[in-house]
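Asker: The opening residue of the sequence shown carries number 74 in my numbering; numbering runs sequentially from there.
Built from N, CA and C at the ideal position, the CB exists for glycine as well.
Note that the coordinates shown come from a computational prediction; the quantities given were computed from them, not determined experimentally.
Before I ask anything, here is the structure I am working with.
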Amino acid sequence: MQMAAARYLAVAGFCLLAAAGCATLPDTDALIERHAGQAARFENASGPLSVQRNAAILAELKRKSGDIDILDKQIALEQAIVGSPLVLGNKVTLLQDGAATYLAMFAAIRNARDHVNLETYIIEDDEIGRQFADLLLEQQGGGVQVNVIYDSVGGLITPKAYFDRLKAGGIEVLEFNPINPLKAKTPWLINNRDHRKLLVVDGRTAFIGGINISSVYSSGSAARRTGNAADHNVAWRDTHLQIEGPVVGELQKLFMETWEKQRGKPLAPKEYFPALEAQGKDIVLAIGSTPDDPYSLIYLTLISAIGNAEKQVYLTIAYFVPDPQLLKSLTDAAGRGVDVKLILPSHSDSESAFHAGRSHYSTLLKAGVRIYERRGALLHSKTAIIDGVWSTVGSTNLDWRSFLDNDEVNAVILGREFGRKMLDMFAGDLAVSEGIDLESWERRPLSFRLKELMARLWGRLL
């Protein structure tokens, strides 16, 4: 997002010092093999379902999805990897770009009657940031408890006065892993950043995705503008979800766990976990990842889903700095005849990540992966749709930092009905993207190659 490069540079020196002790990505083949053979299990608003009901739901899901085998291979494995059930009875609304997302968020916050929990990487003191502040303060003044977690690096350019105003109005504000070690309440972990974008209202409605709180999203991707990527006049293309139903409780748990781990003040007693009823028919799995986990749950489940794909792997990714296993999963899928398409940025607010991703184009194109660069907007989405039935939207980029150093959150949605909405969205982005041709790419200027080489050397820190 805007100033992302500057924020990362602020901690780059610390990252270099810490690099020797960084975690490594897991052996995905071994872990997937270990979890294979599990039985699928589902939950609804009343709790776990019987074995017979589980089997009936899986059969119906497969019937509606046609000759797609990924459901057999992926569902049980996914639950075993993540350790959470697939939750029935949810209503998931796909939100494209900032204007639609903020409109839905503001409506939910205005309707709050008990509490608002907001966790975000960036919250800026601009027009949108002030609208959030005004509304949150209004609700706090009306008896709704508001709790806010923001990342210290993400809030690097946000004036202290912005957060002081929230605190003065009674809002509980928690700075995630402060850059200043004297302010740290936990062991000082400069590499560990809270990259989540999570809003939970009254424990009943949740929002997750790629959209931070900033006016850079105000123009929306429909606007066709040119200029520097960090310019507020550049259109931003991003994706978010509004989720209602029983799975909101799983997302609320992630917020509460972060608050506790960061040693925030005891939260005011509110109804954070109300009894939840079915709101729709979407099947959702909430996945949170932190560096405290043995490995990134989001990374492993995505690798597994790509490995189980039979027809399509469509990814739209803002920051693409793949590790060798992810590269192999994509090229292997293309090699077995899967239609693998990547929509990546044509320009970025992080030049290093942009050129590091481009350094892999030749390998991917030679393997049959098709690559497109999104024009007319700065791409910030993090989405995937596989075989038309397995979808994910969240905060996770396909880079080392997301997989090893960040707290992230994604939702996986199963089913062809939601998958169709994802495919329509992908087609819309594809229509305004330019395909990268291998022959033309191999003739790119030497200056591009040098930038790619230098950026690739820094790939682990991006």
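1) Could you pull out every unbroken beta strand (DSSP E) segment of at least 3 residues lying fully inside the region 300 to 352, listed in chain order?
2) How is the alpha helix (DSSP H) around K146 delimited, first residue to last?
3) Pairs of beta-carbons, one from the region 316 to 327 and one from the region 230 to 250, closer than 8 Å: are there three or more?
4) Exposed or buried, which one is N479 when buried takes at least 16 other CB atoms within 10 Å?
5) Less than 8 Å between C-beta atoms, sequence neighbours within five positions excluded: which residues of the same chain meet that for G276?
6) Measure the alpha-carbon distance for A241 versus S225 and round it to whole angstroms.
7) Skipping 5 residues on each side, what residues in its chain have a beta carbon closer than 8 Å to that of G94?
8) What does the alpha-carbon distance come out to for the pair D355 and G488?
9) When you compare only the Cα positions, how much space is there between W309 and I195?
10) Should H268 be labelled buried (16 or more other beta-carbon atoms within 10 Å of its own) or exposed?
11) With DSSP as the reference, label N381 as helix, strand or coil.
12) Throw me the rounded Cβ distance for the K414 and Y445 pair, which I believe falls under 8 Å.
13) May I have a chain-ordered list of the beta strand (DSSP E) segments no shorter than 3 residues that lie completely inside the region 203 to 244?
14) Excluding five sequence neighbours on each side, which residues of the same chain lie with their C-beta closer than 6 Å to the C-beta of K524?
15) With distances taken between CB atoms, is the gap from A341 to L388 smaller than 7 Å?
16) Between L565 and the rest of its own chain, which residues show a CB-CB distance below 7 Å, the 5 nearest in sequence each way excluded?
17) Start and end of the beta strand (DSSP E) containing R447?
18) Using only alpha-carbon positions, find the residue among N265, Y175, F249, P251 that is nearest to L272.
19) Let's see if you can read the secondary structure: which residues bound the alpha helix (DSSP H) around I182?
20) Pull up the distance between the alpha-carbon of N285 and that of Q147, whole angstroms please.
21) Among residues of its own chain, excluding the 5 on either side of G353, which ones have a beta-carbon nearer than 8 Å to its beta-carbon?
22) Compare the beta carbon distance of A406 and A440 with 7 Å and say whether it is the shorter of the two.
23) Tell me whether E515 sits in a helix, a strand or coil according to DSSP, three-state version.
24) Which one of E248, E116, R522, L437 has the shortest CA to CA distance from N265?
25) Put L122 into one of helix, strand or coil per three-state DSSP.
26) Counting along the chain, where does the alpha helix (DSSP H) carrying T404 start and finish?
27) Going by the beta-carbon positions, is the gap between T101 and L373 smaller than 7 Å?
28) Return the bridge partner residues of P367 from the DSSP annotation.
29) Is the CB of E344 under 7 Å away from at least one CB in chain B?
30) I need the straight-line Cα distance from Q216 to L370, nearest angstrom please.
31) Work out the CA separation of E200 and A504 for me, nearest whole Å.
Answerer: On the basis of the data shown:
1) 312 to 317, all fully within the region 300 to 352.
2) Where K146 is concerned, the enclosing alpha helix (DSSP H) stretches over 143 to 155.
3) Counting C-beta pairs closer than 8 Å gives fewer than three between the region 316 to 327 and the region 230 to 250, which falls short of the contact rule.
4) N479 sits buried, since 16 or more C-beta atoms from the chains shown fall within 10 Å of its C-beta.
5) Hits under 8 Å: D187, H188, V321, G322, Q325, E344, Y345, F346, P347, L349.
6) Cα to Cα, A241 sits roughly 19 Å from S225.
7) Reliability of the predicted coordinates at G94 is poor, the pLDDT of 45 falling under 50, and the value obtained from them is presented with this limitation in mind. Around G94: no qualifying Cβ.
8) Each residue's alpha carbon lies about 7 Å from the other.
9) Cα-Cα distance, rounded: 15 Å.
10) Classification for H268: buried.
11) DSSP places N381 in helix when its eight states are reduced to three.
12) Confirmed, Cβ separation roughly 7 Å.
13) For the region 203 to 244, whole beta strand (DSSP E) runs of length 3 or above, ordered along the chain, are 218 to 224.
14) Excluding residues within five positions, the ones whose Cβ falls inside 6 Å are H428.
15) No, they are not a contact pair.
16) Here the chain covers residues 74 to 535 and nothing more, so residue 565 does not appear.
17) It spans 443 to 447 - the beta strand (DSSP E) in which R447 sits, taken as one unbroken run.
18) It is Y175 whose Cα lies nearest to the Cα of L272.
19) Counting along the chain, the alpha helix (DSSP H) containing I182 begins and ends at 170 to 183.
20) Q147 has its alpha-carbon roughly 31 Å from the corresponding atom of N285.
21) Closer than 8 Å at the Cβ level, and outside the excluded window around G353, lie G162, N163, K164, V165, E317, G318.
22) At least 7 Å separates the beta-carbon of A406 from that of A440.
23) Looking at E515 - three-state DSSP - the assignment turns out to be coil, as it is neither helix nor strand.
24) It is E248 whose Cα lies nearest to the Cα of N265.
25) DSSP, read as helix, strand or coil, puts L122 in coil.
26) Bounds of the alpha helix (DSSP H) holding T404 are 397 to 408.
27) Closer than 7 Å, so yes.
28) By DSSP's assignment, P367 forms no beta bridge with any residue.
29) Looking for chain B here will not work: only one protein chain is present.
30) What sits at residue 216 in the sequence shown is Gly, not Gln. Approximately 37 Å between the Cα atoms of the pair.
31) Going from the Cα of A504 to the Cα of E200 covers about 31 Å.
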